[in-house]
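Okay, so here's the structure we're looking at.
Residue numbers (the working numbering): 166 to 288.
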(Lines of atoms letter the chains of each structure in order from A and count residues from 1; the text may use other names and numbers.)
(Lines give C-alpha, C1' and ligand atoms only; values in the text may rest on other atoms or scores of the structure.)
Protein backbone atom coordinates (compact mmCIF):
# COMPACT_ATOMS: atom_id res chain seq x y z
CA UNK A 1 0.00 0.00 0.00
CA UNK A 2 2.87 2.37 0.77
CA UNK A 3 4.41 1.69 -2.65
CA UNK A 4 1.11 2.41 -4.38
CA UNK A 5 0.70 5.65 -2.44
CA UNK A 6 4.24 6.69 -3.33
CA UNK A 7 3.42 6.58 -7.04
CA UNK A 8 -0.18 7.83 -7.01
CA UNK A 9 0.06 10.99 -4.94
CA UNK A 10 1.72 13.85 -6.77
CA UNK A 11 2.00 17.50 -5.76
CA UNK A 12 -0.49 16.95 -2.93
CA UNK A 13 -3.28 15.38 -4.99
CA UNK A 14 -4.25 11.89 -6.15
CA UNK A 15 -2.81 11.04 -9.59
CA UNK A 16 -3.66 7.50 -10.69
CA UNK A 17 -1.48 5.60 -13.12
CA UNK A 18 -2.83 6.18 -16.62
CA UNK A 19 -4.32 3.39 -18.68
CA UNK A 20 -2.22 4.16 -21.76
CA UNK A 21 0.85 2.12 -21.01
CA UNK A 22 0.34 1.36 -17.31
CA UNK A 23 3.39 1.17 -15.02
CA UNK A 24 6.04 -1.37 -14.17
CA UNK A 25 8.00 -0.86 -10.96
CA UNK A 26 11.10 1.13 -11.78
CA UNK A 27 9.76 2.05 -15.22
CA UNK A 28 8.01 5.11 -16.58
CA UNK A 29 4.41 5.55 -15.46
CA UNK A 30 1.64 6.27 -17.94
CA UNK A 31 0.34 9.75 -17.12
CA UNK A 32 -3.01 9.44 -18.92
CA UNK A 33 -5.85 8.52 -19.17
CA UNK A 34 -6.82 8.78 -15.51
CA UNK A 35 -9.98 6.79 -14.78
CA UNK A 36 -12.63 7.12 -12.03
CA UNK A 37 -12.38 3.46 -11.07
CA UNK A 38 -8.79 4.04 -9.93
CA UNK A 39 -9.85 6.82 -7.56
CA UNK A 40 -12.71 4.69 -6.27
CA UNK A 41 -10.67 1.55 -5.63
CA UNK A 42 -7.91 3.56 -3.98
CA UNK A 43 -10.42 5.30 -1.72
CA UNK A 44 -11.90 1.93 -0.75
CA UNK A 45 -8.42 0.64 0.10
CA UNK A 46 -7.53 3.67 2.21
CA UNK A 47 -10.87 3.70 4.05
CA UNK A 48 -10.42 0.03 4.91
CA UNK A 49 -6.87 0.74 6.11
CA UNK A 50 -8.21 3.59 8.23
CA UNK A 51 -10.91 1.34 9.67
CA UNK A 52 -8.38 -1.38 10.54
CA UNK A 53 -5.40 0.72 11.70
CA UNK A 54 -7.07 3.98 12.74
CA UNK A 55 -4.33 6.13 11.19
CA UNK A 56 -5.53 9.55 10.00
CA UNK A 57 -3.09 9.42 7.06
CA UNK A 58 -5.27 6.76 5.43
CA UNK A 59 -8.44 8.77 5.92
CA UNK A 60 -6.74 11.84 4.43
CA UNK A 61 -5.63 9.85 1.38
CA UNK A 62 -9.16 8.52 0.90
CA UNK A 63 -10.45 12.10 1.00
CA UNK A 64 -7.90 13.13 -1.63
CA UNK A 65 -9.12 10.28 -3.84
CA UNK A 66 -12.65 11.66 -3.51
CA UNK A 67 -11.55 15.21 -4.23
CA UNK A 68 -9.95 13.95 -7.47
CA UNK A 69 -13.53 13.74 -8.80
CA UNK A 70 -14.20 17.34 -7.74
CA UNK A 71 -11.23 18.91 -9.50
CA UNK A 72 -8.20 18.32 -7.29
CA UNK A 73 -6.44 16.50 -10.09
CA UNK A 74 -3.79 16.94 -12.77
CA UNK A 75 -6.06 19.07 -14.99
CA UNK A 76 -7.92 20.95 -12.22
CA UNK A 77 -11.20 19.85 -13.80
CA UNK A 78 -14.27 18.47 -12.03
CA UNK A 79 -15.44 15.13 -13.36
CA UNK A 80 -18.96 15.76 -12.06
CA UNK A 81 -21.34 16.97 -14.75
CA UNK A 82 -23.31 19.67 -12.92
CA UNK A 83 -26.11 19.52 -15.49
CA UNK A 84 -26.78 15.76 -15.48
CA UNK A 85 -25.28 14.71 -12.15
CA UNK A 86 -23.24 12.16 -14.07
CA UNK A 87 -19.53 11.53 -13.94
CA UNK A 88 -17.19 11.96 -16.88
CA UNK A 89 -15.17 8.92 -17.90
CA UNK A 90 -11.74 10.25 -17.11
CA UNK A 91 -8.99 12.75 -17.56
CA UNK A 92 -6.92 12.86 -20.73
CA UNK A 93 -3.87 14.94 -21.50
CA UNK A 94 -6.24 17.29 -23.39
CA UNK A 95 -8.83 17.63 -20.62
CA UNK A 96 -11.83 15.59 -19.60
CA UNK A 97 -13.34 12.64 -21.49
CA UNK A 98 -16.93 13.83 -21.87
CA UNK A 99 -18.46 10.35 -22.01
CA UNK A 100 -20.49 9.50 -18.91
CA UNK A 101 -20.54 5.75 -18.45
CA UNK A 102 -22.20 3.80 -15.67
CA UNK A 103 -18.84 2.59 -14.31
CA UNK A 104 -17.73 6.18 -13.78
CA UNK A 105 -20.95 7.19 -12.02
CA UNK A 106 -20.85 4.10 -9.80
CA UNK A 107 -17.22 4.90 -8.95
CA UNK A 108 -18.18 8.43 -7.92
CA UNK A 109 -21.14 7.27 -5.84
CA UNK A 110 -19.16 4.51 -4.10
CA UNK A 111 -16.31 6.88 -3.32
CA UNK A 112 -18.71 9.46 -1.93
CA UNK A 113 -20.40 6.82 0.22
CA UNK A 114 -17.24 5.44 1.80
CA UNK A 115 -15.43 8.75 2.26
CA UNK A 116 -18.28 11.00 3.32
CA UNK A 117 -20.64 8.50 4.92
CA UNK A 118 -18.32 5.74 6.15
CA UNK A 119 -19.71 5.82 9.69
CA UNK A 120 -23.06 4.74 8.22
CA UNK A 121 -21.49 2.24 5.80
CA UNK A 122 -19.38 0.44 8.43
CA UNK A 123 -22.03 -0.01 11.15
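Ideal Cβ placement from N, Cα and C applies to all residues, glycine included.
Can you give me the C-alpha to C-alpha distance between residue 275 and residue 254, rounded to a whole angstrom? Answer to the nearest angstrom: the Cα atoms are 15 Å apart.
In the DSSP output, what is residue 256 paired with across the bridge? Per DSSP, the beta-bridge partners of residue 256 are 199, 261.
Which residue's Cα is closest to the Cα of residue 185: 206, 196, 172, 167? In this structure, 196 is the residue among 206, 196, 172, 167 with its C-alpha nearest to the C-alpha of residue 185.
Bridge partners for residue 175 per DSSP, in chain order? DSSP lists 178 as partners of residue 175.
Rounded to whole angstroms, what's the CA-CA distance from residue 264 to residue 188? Just pull it up for me. Computed Cα separation, rounded: 25 Å.
Tell me, to the nearest whole angstrom, how far the beta carbon of residue 166 is from that of residue 210; I am working on the premise that it is less than 8 Å. Right, the Cβ-Cβ distance comes to about 7 Å (below 8 Å), so this counts as a contact.
Just to confirm my understanding: we take residue 226, look at its own chain, exclude 5 residues before and 5 after, and list those with CB closer than 6 Å. What are they? Non-local beta-carbon contacts of residue 226 in its own chain, meaning distances under 6 Å to residues more than five positions away in sequence, involve 211 in chain order.
Excluding the five sequence neighbours on either side, which residues of its own chain have a C-beta within less than 8 Å of the C-beta of residue 172, listed in chain order? When the five nearest sequence neighbours on each side are left out, the beta carbons in the same chain lying within less than 8 Å of the beta carbon of residue 172 are those of 182, 188, 194, in order along the chain.
From this set, 257, 280, 282, which residue's C-alpha is nearest residue 200's C-alpha? Of 257, 280, 282, the residue nearest in Cα terms is 257.
Pairwise C-alpha distance: residue 237 and residue 143: Lying before the first or after the last residue shown, residue 143 is absent from the chain, which here runs from 166 to 288.
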